[in-house]
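For reference, each letter of the sequence shown is one residue, going 133 to 283 in our numbering. C-beta: ideal position from N, C-alpha, C; glycine also.
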Amino acid sequence: MGWAINYNLGFAEIAKYIIMGPPSTPCLHQPVDLMSIEINMNSWKKIPKHLQVLLEMAVTWHSWDHYTAIQKADLEAVPKYKAKGVEVIRLKPSDIEKFQKFAPELWVKWAQKDPLAMKAFKSQWAYMKSEKMVYYTDKDMVDHAGKKLVF
């Protein structure tokens, strides 16, 4: 969830700090949107093709509208937090390096507990090492002792 939603939930009443990544980088956790549209595939296949296309267009339109509204609300929430005395802290690149060093071992440990968790982890791992993100490379997939993690 983003700044605006958290503000509306009362975070500014109890939080002293908002901890973000270094400037020009996202925070360490991925904010999520509480909205999704899911349709059972068997049900989807029963919908006429022209209505599938219409629904896909409507969802795309709504997604962009929703995204821009959230971004605007988040920008408007920042001064509200500051007015309540909440301090925004930006981590240094060296802090991020520490997280990056120890996170893969924990991710693999938890992913190995459940096939669905492993599937989700593998998807996220591929994204984090993609050309778009470049948060990690395969050489980073080691435990705290430097041993290659297998998953």
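Item, Value
"What does the Cβ neighbour count give for P180, buried or exposed, with the cut at 16 atoms within 10 Å?", "exposed"
"Report, in whole angstroms, the separation of the C-beta atoms of I150 and I221, which I expect to be a contact under 8 Å.", "7 Å"
"How is the beta strand (DSSP E) around I221 delimited, first residue to last?", "219-222"
"DSSP beta-bridge partners for M250?", "According to DSSP, M250 bridges with nothing at all."
"Taking the straight line between their C-alpha atoms, what separation do you get for K280 and P236?", "10 Å"
"Which residues bound the beta strand (DSSP E) around I150?", "149-152"
"Hey, which unbroken runs of the alpha helix (DSSP H) at 4 residues or more fall wholly within the segment 170-232?", "173-178, 181-215"
"Is the CB-CB distance between L223 and G134 below 8 Å?", "no"
"Quick one, are the C-beta atoms of Y213 and A258 less than 8 Å apart?", "no"
"Tell me whether V240 sits in a helix, a strand or coil according to DSSP, three-state version.", "helix"
"Where does A252 land, buried or exposed, given buried means 16+ other C-beta within 10 angstroms?", "exposed"
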